[in-house]
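Heads up, the thing below is written out as structure tokens.
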Amino acid sequence: MMETFTGTIERVTYFNDETGYSVIKIRPDKRIPAAEARDGTVAVVGVMPELGVGESAQFTGEWIEDPKYGRQLRVNTVSPIIPTSLEGIKRYLGSGIVRGIGQKRAEMIVDHFGIQTLDILNREPHRIAEVPGIKASLVDGLARAWTENYSIRNTMIFLQGYGVSTKMANRIYSEYGAETVENVKKNPYALADEIFGIGFIKADQIARNMGMPMDAPERIRAGLFFALNKLAMEGHTYAPHQVLVDTACELLQTDNVDRINEVIGETLIIGDLITEIIPGPVAIGGTRASAVYLPMYHRSEVGSTERLRHIADTPSKITEKMRGTKWGEFLKEVAENNSVTLTPQQQGAVKAALTSKVSILTGGPGTGKTTTLQMVIAALEQHEFKFKLASPTGRAAKRLGEATGHEAFTIHRMLGYSPAEGFMYNENSPLETDMLIVDEASMIDLILFYNLLKALPPQTHLMLVGDVDQLPSVGAGNVLRDVIESDIAHVTRLDTIFRQSEDSYIVVNAHRINHGQMPNTENKSADFYFFGEEDPVRAAELVVDVVLNRLPSKFGYDPINDIQVIAPMYRGPSGVNALNDALQAALNGDKRMAEKSLGGRIFRVGDKIMQTKNNYDKEVFNGDIGRIYGIDFDDNSLEVTIDGRYVYYDWTEAEELMHAYCISTHRSQGSEYPVVVLPLVTQHYMMLQRNLLYTAITRAKKMVVMVGSRRAIHMAVNNNKVAERYSGLLSRLKA
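Going by our numbering, the first residue of the sequence shown is number 45, and it counts up by one from there.
Take a look at the structure:
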């Protein structure tokens, strides 16, 4: 049974700024003997706005009997009440709700303005200057603080009334400011597009709490965009019309297909969605179908096709200068000058880079991609051609620079990207280079590829280097595979294995897996080991033992700096999340070290962490790994070391970080680690695919240790069904 009463906050026992969950002690205005503690207070628990001691509020909820704490009100709604007595106003004003106004200043202000204090401050906060004893230098700051607090507080109460946590409400207010309430009332679904961390589901919850009908066009339209973005996160650049309808029905929990088709039609008319019959066979299913695109993916797909064709068809300074070259003599000279020997395949790749406007070099580990790339660069330098080197991630760019001895950039940095301005280099301000070489090209998604092509003058050569058998890009599209199969580029696939010794199995097993064969797991090599354990819980314990004890004691590897655990899935006892908790406890569990709970996770000095998104202000990028060096409780910040640099994160920015004792295979792309420990159990069956296992193993430079089930390995090796993606790039390039 719901009960309502009013009272004054005596104590705030607990408040979670993530969820808004609070435990507070209230002194009710009218006694409630059955629920009062010895001191006359009543316990109230639940999600509510952040309240300060001395504030008055109205509480509505149900009484519950907690076995440990006794009778409590589980709150349903909380409405702060502006105090009306002089003593109440003094307590409210001095409760700390406004920075700079403590109990003493509160008494001075109330003694001067009396019962009209709050009304005067709300309408004319500058009148604080009239209060005797308050320095003139403080007046402007206090007035601004009151005005801002008044606006924020009303906004917080409004948002939290619709189920928005305090942390998220702060983020919304930071984006919209004083117009927050107006904007949210106008279109709550805009939150999903404009506020980081609020997706469609949360925005829909807010909208539904505000009374939005299930079949409202705003809701269906937002659901369609959410469906297409969800499909894009799975790698698709478009959705066949029926797939979009089915996905939207599921997400919106409706079977009103006619209403969804009606809104699709309206959205197509105004150009917020685009539909087209894809030329040639559709990627999945082999039938022609009406494809529905978000405009940015349609623009990127059509634009990439046009620009890649234009580059392929445009003569260049390199092709003109290299015409008439005696290639046999030239390639022999380049190789001898650099003390290497090139196979006919490698020679063909070097020649293709200089004679074909678009060329691709692919192949597995140990097949000589790096040597071939070095000889392409040597040939360019011999003729004084300008070139640039780039990779999709910071770690991959660093490896590329170390391998070639030349400066390499992330694609974003090379193109001068900033979140506010976008890409500095584009069709109006192109790069000045004769050739662009992009390594780890399997990681390039469609949007990035389009922006890259826009910045290339048509006379530039483009060389893509990567292992097409690895996992495709995290973002939408299957760029490297589509360009290879389009016949627009000269493709060299290296297949001769160089980098191996008699007792080295990493490269051999990687190629065995790639060809559908079980890896050798007899533990007779110097760099590839398998420890069998069927049970996922015991497998996780064995992973910790391998990292903490076995590898350091036998081989001297540092368990944090040298060893990287890579798991196929996040969930489960042998998943990323559970292993991060277990490895943190084992490797950095000293509770005497400074620690802070942020976002439900404990960050401790010494923790191994990974950056999960590009942050151009801090110059740290998705996939960068570092260590927590310090925690500043005065400044509310984390100090992190990444590649020898000190980077500072406000606690509100900690969501950009994840623990990295264990990471997912997708997170490991573009990186190399001395030792990879790979848990693999049948519980991971949803992610047991050949290219995922192949990608994880090829991240290791010196050693691989697999822990788990041979049956799970067998499942992965035999599952070569690469997750197909709806993409029109290949069809457009071949049309």
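Think of the CB as a built atom: it goes at the ideal place given N, C-alpha and C, for glycine as much as any other residue.
If you're wondering where the values come from, they're calculated on a predicted model, not measured in any experiment.
If we ignore side chains and look at the alpha-carbon of each, how far apart do residue i and residue j end up?
i	j	result
N567	F574	6 Å
Q249	G267	12 Å
N666	T291	29 Å
L623	V719	17 Å
K230	M256	11 Å
Y549	M759	20 Å
T540	A251	59 Å
S517	R734	16 Å
P232	Y282	25 Å
P72	D155	26 Å
I181	R149	Checking the sequence shown, residue 181 turns out to be Ser, not Ile. Going by the C-alpha atoms only, they are around 14 Å apart.
I201	I653	35 Å
E278	R769	8 Å
L602	Y673	For clarity, residue 602 is Asp in the given sequence; the question names Leu instead. C-alpha separation (whole angstroms): 18 Å.
F240	R711	20 Å
I455	K657	14 Å
T726	H280	27 Å
E310	E294	20 Å
D579	K598	25 Å
V2	Y461	Residue numbering for the chain in the displayed model covers 45 to 779; residue 2 lies beyond these limits and cannot be assessed.
G114	K74	20 Å
E350	H534	18 Å
By the 10 Å Cβ neighbour count, where 16 or more other Cβ atoms means buried, how is residue i classified, buried or exposed?
i	result
G644	exposed
A464	exposed
I133	buried
E94	buried
M479	buried
E99	buried
A81	exposed
N166	exposed
Y217	buried
Can you tell which of the options has its C-alpha closest to the C-alpha of residue i?
i	options	result
Y690	K652, L777, G670, L736	G670
A168	E151, P176, L186	One point to set straight first is that residue 168 is Glu, not Ala, in the sequence displayed. Answer by Cα proximity: L186.
F269	S569, V336, E320, Y217	V336
L777	E529, Y729, I707, T121	E529
Q783	A379, K401, S383, P723	The structure shown does not extend to residue 783, since the chain spans only 45 to 779, so no value can be given for it.
V748	D694, R582, V551	V551
D110	A101, V88, V122	V88
L722	E350, L586, F677, K365	L586
L275	A520, P176, E373	A520
S66	G98, T85, R118	R118
L272	M258, E262, V287, A260	V287
W695	R648, E663, N382	R648
D676	K640, A704, K652	K640
V289	M277, G279, N305, E278	N305
A395	R367, D316, G412, T411	Looking at the sequence itself, residue 395 is Lys, so the reference to Ala does not match. The option with the nearest alpha carbon to K395 is R367.
N593	L631, N558, V581	L631
E192	Y206, A213, A222	A222
H450	F467, L459, L424	L424
P612	I421, V588, E219, C706	C706
Q713	S383, L701, L737	L737
K401	H354, D163, T739	H354
S715	A79, S618, N558, G438	G438
Going by DSSP, what residues sit across from residue i in a beta bridge?
i	result
T685	R671, Y690
I70	I53, V86
P232	Note: P232 sits in no beta bridge, so no partner.
G510	T406
D110	G114
F574	M750
Q418	Bridge partners of Q418: none, in fact.
T319	V336
N659	V664
E639	R648
Verify the CB distance criterion: does residue i have a CB-CB separation below 7 Å to chain B?
i	result
H156	Absence of chain B from the displayed structure is noted, only one protein chain being present.
| said: Within 8 Å, do at least three Cβ pairs link the segment 395-406 to the segment 501-517? | reply: yes
| task | Report yes or no: do three or more beta-carbon pairs, one from the segment 605-612 and one from the segment 733-744, lie closer than 8 Å? | result | yes
| request: Could you say if the segment 356-370 and the segment 488-503 meet the contact criterion of at least three C-beta pairs nearer than 8 Å? | output: yes
| Does the segment 676-693 come close enough to the segment 475-490 to have 3 or more Cβ pairs within less than 8 Å? | no
| query | Does the count of Cβ pairs from the segment 47-66 and the segment 88-105 closer than 8 Å reach three? | reply | yes
| Inter-stretch contact (C-beta, 8 Å, three-pair minimum) for the segment 624-643 and the segment 423-430 | no
| query | Is there contact between the segment 468-476 and the segment 445-455, where contact requires at least three CB pairs shorter than 8 Å? | reply | no
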